[in-house]
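J.: Please find one structure pasted underneath; my questions will follow.
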Amino acid sequence: MVTRLVILLALLASGYLALLLWLSFGLRRLSQQRSDDSLKKRPGDWPGVSLIVCAKNEAQRLPRLLRALERQQYPREKLEICLVDDRSADRTGEIIGDFAASHFNVISLRIDDTAPNFAPKKFAIDAAIRHTTGEIILLTDADAAPGPLWVREMAAAFLPNVVMVCGYSPYAPRQTFWQKILALEYFSHAAVAAGGCGVGRPLTCTGSNLAYRRDAYFRLGGFDGIAQWISGDDDLLLHKMHEARIGDIAYTAHPAAHAPVRPPSSWQEFKSQRTRYASKSLHYQPALTLALGAVFLLNLLISAGWLSVFVGAWNFFVPTVVISLVKAFGDFFYLRQAAKLFGGEKFFSAFPLAALLHPFYVAYFAVRGQFAKFSWRGEQFTARKNTETTIPAAT
2 MVTRLVILLA LLASGYLALL LWLSFGLRRL SQQRSDDSLK KRPGDWPGVS LIVCAKNEAQ
62 RLPRLLRALE RQQYPREKLE ICLVDDRSAD RTGEIIGDFA ASHFNVISLR IDDTAPNFAP
122 KKFAIDAAIR HTTGEIILLT DADAAPGPLW VREMAAAFLP NVVMVCGYSP YAPRQTFWQK
182 ILALEYFSHA AVAAGGCGVG RPLTCTGSNL AYRRDAYFRL GGFDGIAQWI SGDDDLLLHK
242 MHEARIGDIA YTAHPAAHAP VRPPSSWQEF KSQRTRYASK SLHYQPALTL ALGAVFLLNL
302 LISAGWLSVF VGAWNFFVPT VVISLVKAFG DFFYLRQAAK LFGGEKFFSA FPLAALLHPF
362 YVAYFAVRGQ FAKFSWRGEQ FTARKNTETT IPAAT
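As numbered in this note's numbering, residues 2 to 396 make up the sequence shown, in order.
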């Protein structure tokens, strides 16, 4: 029995390393790509951008983002900002209203209710898209702080054949060791996202730095078919866009296109966030779900192998240690390659501990995401929002 487990573990690890090698080719291809520099030379040709931010009870975080939006170096007549107050109970609506009143290119939108079969954030995004006019839809979160060239760099990534652009949202600040571990873990998602886009098989993305063409969104039917899942306003839409084969999906790793966000401030917030992320994993395309299942099984077996030392199962523990080290080396070199592409990310002092914890983390949240409730902005959810719909109006 143990021999079979070791063989299975070795096969899964080999497949995992092959996956990293495949993604590394994607990173190499991305490093050779160029954005549309002509847009920077002819500002009059820049596309109209509708920048959408959905905020719920974000009165403390929103002012930092608004200051960042004021500093954007993009023609004001080409940049439309839509700030959505998504049923907030604090001063979010007041802050949005004051900002909109003093900026001619800002639209304020209030969501008072959502449809029963429409996840709240997807509903808010869809309402904002229908209230705006820009050729490019650009999304970020209320806790983000993008640099002044962010809109310009994201827009420049839209070559004629591109329908969606994925960007990077690093965690900041990173003063503590815990914050560095979180930043490294979050960066690993971005590294996979970039590699997948590079090989022409988009895997994931983040809604805090995502853009797509308006006409592509409506050609897809918006969130139809994925609206009921609480999470997935980003990667489920990404997969839908890829399946439709209506254009290319690009990734921009340029540091000026980064949109930093705050890391979770507590274990409870981190646990709830990662549970929400994992809640949609069974609703991906079959091939991707199967691949994720293999990665889950690999990490589950590694976790069991490490714990086997407590029952003296050395014939399972020793091979697990060897395979874990090989996997860690593969992860390290892939992340180092990605870090160079992203402008030299530096948090690898946290890698040894992160590599040790990672199998337990993956196994735990993969299971938790399918069964546990999670909170988001004061609301409790499970993976799916059920029942019939009547779409209420946004004002």
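We put the beta carbon where it would ideally sit given N, CA and C, even for glycine.
Predicted model, so just to flag it, every value in this text is computed and none were measured.
Quick one: what's got a C-beta closer than 6 Å to A395's C-beta in the same chain, skipping five residues either side?
T.: For A395, the predicted model reports a pLDDT of 43, less than 50, meaning its position is unreliable and no value from the coordinates is stated.
J.: Is C198 helix, strand or coil when you go by DSSP?
T.: Three-state result, C198: helix.
J.: If you draw a straight line from the alpha carbon of A173 to that of R263, how long is it in whole angstroms?
T.: Cα to Cα, the separation comes out at about 5 Å.
J.: Does the stretch 327 to 335 come close enough to the stretch 164 to 172 that 3 or more CB-CB pairs lie under 8 Å?
T.: No contact exists between the stretch 164 to 172 and the stretch 327 to 335.
J.: May I ask which residues mark the beginning and end of the alpha helix (DSSP H) holding S32?
T.: Where S32 is concerned, the enclosing alpha helix (DSSP H) stretches over V3 to S32.
J.: In whole angstroms, give me the CA-to-CA distance for H243 and A116.
T.: If I take the Cα positions, the gap works out to 27 Å.
J.: Whole angstroms are fine: how far does the CA of A260 sit from the CA of L342?
T.: Cα to Cα, L342 sits roughly 16 Å from A260.
J.: Using the beta-carbon count (16 or more within 10 Å), is F159 buried or exposed?
T.: Looking at its Cβ environment, which holds 16 or more other Cβ atoms inside 10 Å, F159 is buried.
J.: Between the C-alpha atoms of N162 and G248, what's the straight-line distance to the nearest angstrom?
T.: Straight-line Cα distance between these residues: approximately 6 Å.
J.: Mind checking which residues open and close the beta strand (DSSP E) that includes E81?
T.: Per DSSP, E81 belongs to the beta strand (DSSP E) from L80 to D87.
J.: Relative to the C-alpha of L18, which candidate in L139, P76 and V193 has its C-alpha closest?
T.: Closest by alpha carbon: V193.
J.: Report the three-state DSSP secondary structure of S232 (helix, strand or coil).
T.: S232 falls in the coil class under three-state DSSP.
J.: Need the endpoints of the beta strand (DSSP E) that T93 sits in, please.
T.: Element bounds for T93: not the beta strand (DSSP E) but the alpha helix (DSSP H), T93 to A102.
J.: Which residue's Cα is closest to the Cα of T133: N118, L28, P287 and I108?
T.: Considering only alpha carbons, the answer is I108.
J.: Measuring straight from C-alpha to C-alpha, what distance separates L10 and N316?
T.: About 13 Å.
J.: Evaluate D99 with the Cβ neighbour count: other Cβ atoms within 10 Å of its Cβ, from every protein chain shown; 16 or more gives buried, anything less gives exposed.
T.: Exposed, because fewer than 16 other Cβ atoms sit within 10 Å of the Cβ of D99.
J.: Are there three or more Cβ pairs, one per stretch, closer than 8 Å when the stretch 72 to 89 is compared with the stretch 139 to 153?
T.: With the cut-off at 8 Å, the stretch 72 to 89 and the stretch 139 to 153 touch.
J.: May I ask which residues mark the beginning and end of the beta strand (DSSP E) holding A260?
T.: Counting along the chain, A260 falls outside any beta strand (DSSP E), and DSSP gives it neither H nor E.
J.: Return the CA-CA distance between A145 and A69, expressed in angstroms with no decimal places.
T.: Using only the alpha carbons, I get a separation of about 9 Å.
J.: Please classify L24 as buried or exposed, where buried requires at least 16 neighbouring CB atoms within 10 angstroms.
T.: Result: buried.
J.: Check whether the stretch 355 to 374 and the stretch 206 to 220 are in contact - that is, three or more C-beta pairs closer than 8 Å.
T.: With a cut-off of 8 Å, the stretch 206 to 220 and the stretch 355 to 374 do not count as touching, because too few Cβ pairs lie within range.
J.: Could you tell me how far apart the beta carbons of I138 and I231 are, in whole angstroms, since I believe they sit closer than 8 Å?
T.: Going by Cβ atoms, the distance from I138 to I231 rounds to 21 Å, so no, they are not a contact pair.
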